[in-house]
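A quick write-up on the structure given underneath.
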Ligand SMILES: [Zn+2]
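In our numbering, the protein residues as written are 118 to 523.
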């Protein structure tokens, strides 16, 4: 057999292995026959791959099928606790990390303050954080599959670089390479909102949904796009800069250097800045956070207007996305007690108003709070996603190919 045939065979095996693991994750506990039906692979192929996965400790046999005729088959399920994944969320003020099992259950979490870090500062803290999470979870270092890092801005996942992060003031920083050298583990870097979308796709509201969008309204306004069950990255990972969609002629300056961006007029920072102008003008008490702002809007007409305008603008942005992509589901996560807030209500009305009539009723809109905790868990699911998707096709596969499980 020629070496190209060898290569072809091993690539195909990788594709099939990803498909079998995915079937176990999505349908387990499941019999070998059930996997064969779900993947369209032959019983022989499924049997061989299942044997390999059992040998790697990635899956276990657990229970039998209820066979009404013939021999009952053993059920296979993910061996959730056998391996761990580290997820790290980097912001301009702190680094938060979690260690999860293969089902994204958090086994340990830790946080370190870090003001406007350089890449070198970050890698030093990352090493310390990884050591402490591993000790806390009681997991062996050689059972770590890898490290996922989520950070704000444009990230080239394939190259492992932070292309441009205004919050961190990083340009073309080779984050994955620096971190892999420091840790000796595979490292995947991704835009932070994309990591949240991936966590939803595998373990949250996006399970079983082919096309969905995740919109986050916080310090920035971000977007994760899942199409056909896969995270859509675009050219060099540039998808998702919803915050820089131009929604108004108003000349509020944006951190990106442009004007009229959604983020400059409707993000948490923008709303609190606008509120400060109002309270200074009226001599009333300053509003310190978004929950206070929602509360003030109940009694103060100027704050009510401010929230209404922001809700309208966010809603236009979301409706424009629905009109272009026609997703099944849009999750919008916002600051403070966003669900039930006036901001969420106005945004929902605006989405309904601006969605193309032919698409109305086809997209479910869900409004939820944006908590801090899921970010690092989302980053950990980067590594898990790489494992479940076929290594041959998943973006950033380079990192996992050098990893522990081939
Ligand atoms: Zn902008």
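Yeah, the Cβ is synthetic: ideal placement off N, Cα and C, and Gly gets one too. Computed from a predicted structure; not experimentally measured.
Boundaries of the alpha helix (DSSP H) in which residue i is found, first to last residue
i: residue 498; result: 491-505
i: residue 228; result: Segment 223-230 is the beta strand (DSSP E) holding residue 228; no alpha helix (DSSP H) there.
i: residue 468; result: 459-471
i: residue 408; result: 407-416
i: residue 390; result: 385-399
Backbone secondary structure at residue i - three-state DSSP
i: residue 204; result: strand
i: residue 212; result: strand
i: residue 367; result: coil
i: residue 518; result: Because the pLDDT at residue 518 is just 39, under 50, the model does not fix this residue reliably, and the point stays unresolved.
i: residue 347; result: strand
i: residue 312; result: helix
i: residue 271; result: strand
i: residue 179; result: strand
i: residue 237; result: helix
i: residue 132; result: helix
i: residue 329; result: strand
i: residue 138; result: helix
i: residue 149; result: helix
i: residue 158; result: coil
i: residue 342; result: strand
i: residue 297; result: helix
i: residue 379; result: helix
i: residue 307; result: strand
i: residue 198; result: helix
i: residue 219; result: coil
i: residue 265; result: strand
i: residue 334; result: strand
i: residue 372; result: coil
i: residue 443; result: coil
i: residue 245; result: helix
i: residue 169; result: helix
i: residue 357; result: coil
i: residue 404; result: coil
i: residue 321; result: coil
Where the beta strand (DSSP E) through residue i begins and ends
i: residue 278; result: 278-282
i: residue 448; result: 446-451
i: residue 483; result: 481-486
i: residue 290; result: 287-290
i: residue 192; result: 191-195
Same chain, Cβ closer than 7 Å to residue i, five either side skipped, listed in chain order
i: residue 217; result: 201, 202, 204, 223, 224, 494, 497
i: residue 513; result: Note on residue 513: pLDDT 40, under 50, position unreliable in the model; no value is reported.
i: residue 355; result: 271
i: residue 418; result: none
i: residue 295; result: 236, 240
i: residue 283; result: 270, 372, 373
CB-CB length for residue i against residue j, believed under 8 Å
i: residue 243; j: residue 212; result: 7 Å
i: residue 166; j: residue 134; result: 5 Å
i: residue 452; j: residue 407; result: 4 Å
i: residue 207; j: residue 266; result: 6 Å
i: residue 430; j: residue 383; result: 5 Å
i: residue 271; j: residue 308; result: 7 Å
i: residue 150; j: residue 140; result: No, residue 150 and residue 140 are not in contact; Cβ-Cβ is about 11 Å, not under 8 Å.
i: residue 485; j: residue 456; result: 6 Å
i: residue 352; j: residue 287; result: In fact, because the Cβ distance is near 20 Å, the residues do not count as touching under 8 Å.
i: residue 180; j: residue 192; result: 5 Å
i: residue 174; j: residue 199; result: 5 Å
i: residue 448; j: residue 483; result: 5 Å
i: residue 238; j: residue 231; result: 6 Å
Sequence-distant residues of the same chain with beta carbon closer than 6 Å to residue i, five excluded per side
i: residue 293; result: 277, 304, 306
i: residue 370; result: 376
i: residue 318; result: 343
i: residue 297; result: 304
i: residue 320; result: 221
Any non-hydrogen atom of ligand 2 within 7 Å of residue i CB
i: residue 339; result: Questions concerning ligand 2 fall outside what the structure shown contains, since the ligands it does hold are ligand 1.
I want to know whether the stretch 477-493 touches the stretch 416-423 - three or more CB-CB distances under 8 Å.
no
Inspect the CB distances between the stretch 331-345 and the stretch 360-380 and report whether three or more fall short of 8 Å.
Touching, yes, given that three or more Cβ pairs across the two stretches are closer than 8 Å.
Tell me whether the stretch 436-451 and the stretch 465-474 touch, counting them as touching only if at least three CB pairs, one residue from each stretch, are closer than 8 Å.
Output reads yes: the stretch 465-474 touches the stretch 436-451.
Can at least three beta-carbon pairs, one atom from the stretch 343-352 and one from the stretch 154-165, be found at a separation below 8 Å?
no
Please determine if the stretch 324-339 and the stretch 438-448 are in contact, where contact requires at least 3 C-beta pairs separated by less than 8 Å.
yes
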